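Residue numbers (the numbering used here): 4 to 329.
Ideal Cβ placement from N, Cα and C applies to all residues, glycine included.
Note that the structure is a prediction, hence the values are computed from the model and not measured.
The structure appears below as structure tokens.
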Amino acid sequence: MINKQDLIVIAGGGGFIGGHLVARLRELGHTRIRSVDCKPMSEWYQCFDDVENWQLDLQEKGTCLQAAEGATEIYMLAADMGGMGFIENNRALCMLSSLINTHMLLAAKEHGVKRYFYSSSACVYAADKQTSPDVVALKESDAYPAMPEDGYGWEKLFAERMCRHFSEDFGLITRVARYHNVYGPNGTWEGGREKAPAAICRKVIAAKLSGKHEIEIWGDGQQTRSFTYIDDCVKGTMMLMHSEVEEPLNVGSSQLVTINQLVDIVERIAEIQLKRNYNLSAPKGVRGRNSDNTLIQQRLGWQPDTRLEDGMEQTYRWIYKQMTAI
Ligand code: NAD
Numbered sequence: 004m005i006n007k008q009d010l011i012v013i014a015g016g017g018g019f020i021g022g023h024l025v026a027r028l029r030e031l032g033h034t035r036i037r038s039v040d041c042k043p044m045s046e047w048y049q050c051f052d053d054v055e056n057w058q059l060d061l062q063e064k065g066t067c068l069q070a071a072e073g074a075t076e077i078y079m080l081a082a083d084m085g086g087m088g089f090i091e092n093n094r095a096l097c098m099l100s101s102l103i104n105t106h107m108l109l110a111a112k113e114h115g116v117k118r119y120f121y122s123s124s125a126c127v128y129a130a131d132k133q134t135s136p137d138v139v140a141l142k143e144s145d146a147y148p149a150m151p152e153d154g155y156g157w158e159k160l161f162a163e164r165m166c167r168h169f170s171e172d173f174g175l176i177t178r179v180a181r182y183h184n185v186y187g188p189n190g191t192w193e194g195g196r197e198k199a200p201a202a203i204c205r206k207v208i209a210a211k212l213s214g215k216h217e218i219e220i221w222g223d224g225q226q227t228r229s230f231t232y233i234d235d236c237v238k239g240t241m242m243l244m245h246s247e248v249e250e251p252l253n254v255g256s257s258q259l260v261t262i263n264q265l266v267d268i269v270e271r272i273a274e275i276q277l278k279r280n281y282n283l284s285a286p287k288g289v290r291g292r293n294s295d296n297t298l299i300q301q302r303l304g305w306q307p308d309t310r311l312e313d314g315m316e317q318t319y320r321w322i323y324k325q326m327t328a329i
């Protein structure tokens with residue numbers, strides 16, 4: 004469907020998922036990749052010499068037109084986002100990401116781009132469907148009637164609708180994934196935007212290195228989540244991009260764990276046991292969230308291959324290296 008010489012643009016290529024997508028496209032032999040991000044290149048998680056690396060702020064329409072010029076496909080992964088601590092306290096910033104997707108859709112239309120991928124989120128699902136730890140897994144139709152996560156989730160749902168209407172009205176082929184908690188190496192692990200898997204690895208490593216054998220856990224540790232390893236996410240993303248599936252699909256894992264169980268896993272990797280201090284006033288997000296993968300299995304035959312224990316081991320090892328690098 005796409006030639007190895009066609010230009011592929013990764014918006015947000017300096018970030019976690021975007022960086023892995025660039026790496027995978029290179030491995031697959033694509034020779035024209037343009038990676039675009041607003042961060043200084045020294046802060047990109049992955050940056051390759053044989054890729055066009057551009058530092059641009061994609062909130063502007065002009066920069067989107069520049070970034071999209073000549074592209075056959077665009078993967079839109081640029082967003083102002085983070086874990087619960089960030090999105091609960093920065094709703095306006097999260098919503099400003101609508102400028103990025105809106106302007107890039109317009110640029111894609113103007114340049115006649117063939118396919119456009121948008122990275123949505125499980126945060127589009129209504130909180131009242133996620134009030135119990137033994138939550139019923141969320142299926143795609145649960146997004147409506149709409150009452151997403153305030154700020155970040157509303158922006159994601161709005162962008163999903165924009166993609167749909169750009170397809171219907173202008174014939175731009177758009178594909179939308181709803182990611183569920185993606186984790187792995189080469190992603191945010193400190194600074195306030197990190198998510199639970201990276202934050203827990205960092206805290207366990209810090210306890211191990213300092214000899215202070217305690218850990219702070221946000222909430223009571225009984226809240227449940229499922230976590231998707233980055234390699235599975237990238238595979239699902241590329242399969243969805245090149246499929247004929249027009250509606251948003253969950254790209255997630257259905258292996259549900261409590262945050263306490265996630266800490267157990269990391270403690271086993273670190274060969275340590277810590278005293279757990281529960282911070283009940285910290286941001287905790289919904290009580291339980293899981294991904295129903297029936298539709299993506301039916302439509303694409305995709306399912307995650309990586310066990311949480313294995314993915315967390317890779318993540319732990321990478322964060323350990325960052326924390327002990329001189
Ligand atoms: P990330 O923060 O690592 O990457 C996003 C990148 O976008 C960052 O490098 C950032 O600098 C860049 N960016 C932000 N504003 C920009 C702008 N104005 N112009 C250009 N670049 C800009 O996040 P990620 O985990 O790689 O997430 C990628 C996408 O997937 C995002 O849309 C995110 O909302 C979505 N998503 C991620 C997860 C997850 O668990 N990681 C879950 C659901 C949805």
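Residue i, enclosing beta strand (DSSP E) - first and last residue
i	result
S284	Per DSSP, S284 belongs to no beta strand (DSSP E) and is neither H nor E.
T66	Per DSSP, T66 belongs to no beta strand (DSSP E); it is in the alpha helix (DSSP H), K64 to A71.
L80	Unbroken run through L80: none, as it is neither H nor E.
R37	I36 to D40
Rounded Cβ spacing between residue i and residue j (contact assumed at less than 8 Å)
i	j	result
Y281	G224	6 Å
I36	R27	10 Å between Cβ atoms; not a contact.
H216	I272	H216 to I272, Cβ: 15 Å. No contact.
T327	G187	In fact, because the Cβ distance is near 19 Å, the residues do not count as touching under 8 Å.
W157	M98	7 Å
I220	I322	Not a contact, Cβ separation roughly 17 Å.
N293	A140	4 Å
L175	Y119	6 Å
Residue i, buried or exposed, once every other Cβ within 10 Å from all chains shown has been counted against 16
i	result
N6	exposed
G288	buried
N329	Checking the displayed sequence, the identity of residue 329 turns out to be Ile instead of Asn. Classification for I329: exposed.
D235	buried
F230	buried
V116	buried
Residue interval of the alpha helix (DSSP H) (run including residue i)
i	result
V54	It is not in any alpha helix (DSSP H) - V54 carries neither H nor E in the DSSP assignment.
I233	I233 to M244
E270	I262 to A273
I90	M87 to I90
I329	I329 -> no alpha helix (DSSP H), and no H or E assigned at all.
DSSP state of residue i mapped onto helix, strand, coil
i	result
L96	helix
D178	The sequence as given places Arg at residue 178; Asp does not occur at that position. Strand at R178.
Y147	coil
A14	strand
F19	helix
Y128	coil
L141	strand
E316	helix
N6	coil
E30	helix
R228	strand
G156	helix
N253	strand
V185	strand
Chain B contact for residue i (CB, 9 Å cutoff)
i	result
M44	Of the chains in the structure shown, none is chain B; there is only one protein chain.
Exercise for the section: Would you be able to state if there are at least three C-beta pairs under 8 Å between the segment 185-199 and the segment 7-24? Expected result: Yes, since at least three Cβ pairs between the segment 7-24 and the segment 185-199 fall closer than 8 Å, the two stretches touch.
Practice task
State whether the segment 236-254 contacts the segment 302-312, with contact taken as three or more CB pairs (one from each stretch) at a distance under 8 Å.
Solution key: Yes, the segment 236-254 touches the segment 302-312.
Handout entry: Inter-stretch contact at 8 Å, needing at least 3 Cβ pairs: the segment 38-49 / the segment 249-258
Key = Counting Cβ pairs under 8 Å, fewer than three are found: no touch.
Practice task
Please confirm if the segment 143-151 is in contact with the segment 96-108, defined as three or more CB-CB distances below 8 Å between the two stretches.
Solution key: Of all C-beta pairs linking the segment 143-151 to the segment 96-108, fewer than three are shorter than 8 Å, placing the two stretches out of contact.
Exercise for the section: Say whether the segment 258-270 touches the segment 68-79, bearing in mind that this needs 3 or more beta-carbon pairs closer than 8 Å, one atom from each stretch. Expected result: Cβ pair count under 8 Å is below three, so no.
Exercise for the section: Count the C-beta pairs between the segment 197-206 and the segment 81-94 that are closer than 8 Å, then say yes if the count reaches three, no if not. Expected result: In short, these stretches touch, since the Cβ pair count reaches three.
Exercise for the section: Say whether the segment 148-165 touches the segment 121-136, bearing in mind that this needs 3 or more beta-carbon pairs closer than 8 Å, one atom from each stretch. Expected result: Touching, yes.
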